[in-house]
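Step one of this worksheet: look at the structure below.
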Amino acid sequence: MKTGILNEDESHIGKRSVLVAGHQTSVSLENCFWRRLKQIAQSRGISLNRLITEIDRTRTGNLSSAIRVFVLDDAIDES
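So the sequence shown is numbered by my numbering: it starts at 360 and just counts up by one.
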């Protein structure tokens, strides 16, 4: 597990266009979350859009926040 303060690139917020349930939308996340989300999708053998769609189906609030919580939960489950 990495420790310490995030570098500027990891904490930079990137806005990306994604396809969620067949609809184009944009999501803003810090690069460290984008990186980990891609790793999770790859480990599950699914596309990033499919993983985000699955997160979207269960969310109750903002999609970006739901993704951050999902990534955090995944990291906790791994530790």
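Beta carbons are placed, not taken as given, at the ideal position from N, Cα and C, and that holds for glycine.
Query	Result
How many Å lie between F429 and E367 at the Cα?	23 Å
Taking only three categories from DSSP, how would you classify T384?	strand
Measuring only the C-alpha atoms, how far is E369 from R375?	15 Å
By the DSSP assignment, the beta strand (DSSP E) with I372 in it spans what residues?	372-379
Is N408 closer than 7 Å to L378 when the C-beta atoms are compared?	yes
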